[in-house]
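Report on one structure; see the data block that follows.
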Amino acid sequence: LEKDLSRSLRILHYMLSNPKENPTVVTLANIYAAYAKLYLFFPDGPGNGWSHWKSHGIHASSMPSFNKARKVYSEEEVEHVFSLLLEYDLRSKGMHNGNTDDKGLLTEMIYKLCMGASVAGVS
Numbered sequence: 006l007e008k009d010l011s012r013s014l015r016i017l018h019y020m021l022s023n024p025k026e027n028p029t030v031v032t033l034a035n036i037y038a039a040y041a042k043l044y045l046f047f048p049d050g051p052g053n054g055w056s057h058w059k060s061h062g063i064h065a066s067s068m069p070s071f072n073k074a075r076k077v078y079s080e081e082e083v084e085h086v087f088s089l090l091l092e093y094d095l096r097s098k099g100m101h102n103g104n105t106d107d108k109g110l111l112t113e114m115i116y117k118l119c120m121g122a123s124v125a126g127v128s
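Heads up: the sequence shown runs through residues 6 to 128, numbered per this note's numbering.
In structure tokens form, the structure reads like this:
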């Protein structure tokens, strides 16, 4: 959940080198799951203590990463991530896609996720 384009593209390159173990639909689902967990804690909603984290399947060792992500992303940016994920899920299934392959779609999506609101149009 970091906005580190270089690192994200390295991870994506690794995943794309073995598409049978990392199909696009699974990759999108995993990204969605991470942002969905982050979204549960905006802005300072009730139950932000450990019991709330635990009830949503977030391990204690992940708490520092999620706390850091809360400082990097606004609630609106996470909502925009959901719309991007929907767009790229549909495009990966052939809707409004043209001729872009899965590698191109995921690379484009990662770029938009990492570049944040300035590129994504979130104000």
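Note that CB positions come from ideal geometry on N, CA and C, so glycine has one too. Note that the coordinates shown come from a computational prediction; the quantities given were computed from them, not determined experimentally.
- Message: In whole angstroms, give me the CA-to-CA distance for Ser56 and Met68.
- Response: Put simply, the backbone Cα of Ser56 is about 12 Å away from that of Met68.
- Query: From Glu92 to Glu80, what distance separates their C-alpha atoms?
  - Reply: The alpha-carbon of Glu92 is positioned some 19 Å away from that of Glu80.
- Message: Rounding to the nearest angstrom, what Cα-Cα distance links Tyr37 and Asp106 in this structure?
- Response: Straight-line spacing of the CA atoms in Tyr37 and Asp106 works out to 20 Å.
- Item | DSSP state of Ser128 mapped onto helix, strand, coil | A caution first: Ser128 carries a pLDDT of 39, below 50, which makes its placement in the model too unreliable to give a value.
- Task: Quick one: which unbroken beta strand (DSSP E) runs of 3-plus residues sit fully inside the segment 21–52? Chain order, please.
- Result: Fully enclosed beta strand (DSSP E) runs of 3 or longer: not present.
- Item | Three or more C-beta pairs below 8 Å linking the segment 17–35 and the segment 107–120 | Taking a cut-off of 8 Å for Cβ pairs, the segment 17–35 and the segment 107–120 touch, as three or more such pairs fall below it.
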